[in-house]
Structure formats: structure tokens, C-alpha cells
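A.B. asks:
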Amino acid sequence: LGSYKSVLGPTGYEPFETNANGNEAGYNLQDIFDFNLLRNNAIATMLLQLYLSTFIAALFTLVTVILRVKVKDGMMNNPLLKASSPSNFWSGRWNLVVHGALKRGIFKPVYNLSSSKLTAIIATFLASGLFHEFLLIACFPPHLDFAPALGKNTAFMMWNAAIIILEALIGKARIFSWIKNNLPQPVVTTLVICTAMPIAHWFLHPYTKSDIFAVHGEVAMPMIKKIH
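The opening position of the sequence shown corresponds to residue 1 in the working numbering, with each subsequent residue numbered one higher.
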């Protein structure tokens with residue numbers, strides 16, 4: 001993580017030039033065709049994956065040492081390099097701690113009440129979006145100079161709910177089976193990631209365009225910095 005930040009931190013985690021700003025009001029859907037934005041989003045997503053993995057691993061280690069209890073390993077299961085489908089990315093690889101909480105607290109109760117997987121998926125991603133909106137409010141209180149654009153985290157989550165629903169409806173079509181069984185795994189994962197990356201800045205830019213990674217994220221994190 002320190003090496004990653006040392007190399008990409010000076011660019012603001014946006015080494016490729018783009019005018020897109022996910023922390024501004026409004027939704028410019030033309031941005032989804034911006035290849036530089038897609039690459040920047042992938043870089044920022046990897047940063048977030050490394051952060052969550054590193055700090056949760058440290059927290060789990062601390063709990064194990066202090067309380068002498070075994071904590072389930074793993075916050076991430078290499079989603080950006082190993083995901084085989086959108087559902088595999090969200091349910092089996094990305095942020096497994098929050099996934100487990102949402103599965104137990106939202107998906108299963110809603111499914112038991114409605115008997116509808118579609119309804120349960122929508123409710124789960126909506127809850128996730130609202131939870132992340134709350135995190136933005138908590139991370140950036142009104143007295144700070146930086147104001148996050150609220151609503152876009154939820155929009156991002158609902159986009160991905162639509163992708164998961166589409167996978168459930170047409171994911172077993174012959175073309176998708178052929179892709180999964182015949183293309184190299186890195187290519188399949190790249191295609192999976194591309195279902196979310198075009199609008200990932202709606203989720204990421206409140207963090208990358210603020211100083212949260214530069215200030216709070218460098219605690220106990222060895223880095224190489226240029227001295228002026």
C-alpha cells in the first residue's frame with residue numbers, strides 16, 4: 001500500500017487526464033465513454049481495496065492478540081484480479097465483512113418476506129448505498145471545507161443492482177458461458193470490472209478529491225515522498 005501511494009499519490013490517483021468529476025452535482029452519462037476515466041477509476045478502486053484490506057487485517061490482528069479469539073480472515077478476496085462475474089465480485093470477493101452484514105440483515109429477511117430474489121437484491125444494494133451516504137456524512141462533517149456530493153453512492157449501488165439482476169436474467173446465455181469457459185481469466189475479470197468502472201467515480205471521487213487518503217490514510221504507512 002505504501003508503494004502504491006508513493007507512486008500514484010502525487011497524481012491524486014488520476015494519472016490519466018480527464019475532466020470528469022464525480023463529486024459535482026448532476027450525472028454526466030457521457031463520462032462512461034471516457035477511457036481515461038475508466039483507467040483512473042480502476043486505479044482508485046485498487047487503492048480502496050488495498051486500504052480496506054490493510055487496515056481491517058491490522059484490526060483483526062489486534063482483536064486476536066487482545067481478546068485471544070480467532071477472527072474470520074479476509075476483508076477482500078482479490079476482487080479486482082480474480083472476479084469471474086458481477087455476482088462473484090459483490091458476493092464472494094469485495095468487502096466481505098459488509099457483505100455478510102447485508103446478507104444477514106437485509107437480503108435474507110427481505111427474501112423471506114417477499115419470496116422475491118429481485119426485491120431482495122434491490123433492497124440490499126439500496127441499503128448499501130444509504131449506508132455509504134452515511135459514511136460520507138460522517139467522514140466530511142459540515143465544518144470541513146470539503147462537501148461530498150450526496151446521492152451518487154446510492155446511484156452507483158443501484159447501477160450495480162441492475163447489473164446483478166441482468167446477470168440473473170441472462171447470465172446463463174450461451175455467449176456468457178462461452179466467455180467464462182474460453183477466455184483467459186484476466187480477460188474475464190477485466191470484463192466484469194468494466195460493468196462498474198465507467199461510473200465508479202460517483203462512489204470514489206468524494207474520497208480521492210478530498211484529502212482523506214493524504215492525511216488520515218498515511219498513519220503508520222511508510223511512503224516515499226519528494227522533498228522540495
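The beta-carbon is built from N, C-alpha and C at its ideal position, and this holds for glycine as well.
Looking at the unbroken alpha helix (DSSP H) that takes in Arg68, where does it start and where does it end?
C.D. replies: Taken as a continuous stretch (DSSP letters only), Arg68 belongs to no alpha helix (DSSP H), as it is neither H nor E.
A.B. asks: Could you check where the alpha helix (DSSP H) with Leu80 kicks off and where it finishes?
C.D. replies: From DSSP, the alpha helix (DSSP H) with Leu80 extends over Pro79 to Lys82.
A.B. asks: When burial is assigned at 16 or more other CB atoms within 10 Å of the CB, is Ala44 buried or exposed?
C.D. replies: Ala44 comes out buried.
A.B. asks: Could you compute how far the alpha carbon of Ile193 sits from the alpha carbon of Thr11?
C.D. replies: Their backbone Cα atoms lie some 22 angstroms apart in a straight line.
A.B. asks: Just to confirm before moving on: does the CB-CB distance between Tyr111 and Ala120 stay below 9 angstroms?
C.D. replies: For Tyr111 and Ala120, yes; Cβs fall inside 9 angstroms.
A.B. asks: What are the start and end residues of the alpha helix (DSSP H) that includes Gln185?
C.D. replies: Gln185 to Ile193 is the extent of the alpha helix (DSSP H) around Gln185.
A.B. asks: For the candidate residues Gly22, Ser87, Phe156 and Met221, whose alpha-carbon lies nearest to that of Ala149?
C.D. replies: For Ala149, the nearest C-alpha among the options comes from Gly22.
A.B. asks: His143: buried (16+ other C-beta within 10 angstroms of its C-beta) or exposed?
C.D. replies: It counts as exposed.
A.B. asks: Quick one: grab the DSSP three-state call for Trp202.
C.D. replies: Trp202: helix per DSSP, three-state reduction.
A.B. asks: In angstroms with no decimal places, state the Cα-to-Cα distance between Leu48 and Arg174.
C.D. replies: Their backbone Cα atoms lie some 34 angstroms apart in a straight line.
A.B. asks: Please list, in chain order, all residues of the same chain as Leu130 whose beta carbon is under 7 angstroms from its beta carbon, the five residues on each side excluded.
C.D. replies: So the list reads Thr154, once near-sequence residues are dropped.
A.B. asks: Go to Pro253, then tell me how far its alpha helix (DSSP H) extends in each direction, as first and last residue.
C.D. replies: Outside the modelled stretch of the chain, which goes from 1 to 228, sits residue 253, for which no answer is possible.
A.B. asks: Would you report the Cα separation of Phe109 and Pro141, rounded to the nearest angstrom?
C.D. replies: Checking the sequence, you will find Pro at residue 109 rather than Phe. Whole-angstrom Cα-Cα distance: 32 angstroms.
A.B. asks: Measure the alpha-carbon distance for Ser85 versus Thr61 and round it to whole angstroms.
C.D. replies: The straight-line gap from Cα to Cα measures roughly 31 angstroms.
A.B. asks: By Cβ distance below 7 angstroms, which residues in the same chain neighbour Ala127 in space, the five residues on each side in sequence not counted?
C.D. replies: Only Leu102 and Ile106 meet the Cβ criterion.
A.B. asks: Excluding the 5 residues flanking Gly2 on each side, which residues of the same chain have their C-beta closer than 7 angstroms to its C-beta?
C.D. replies: Met221, Pro222 and Met223.
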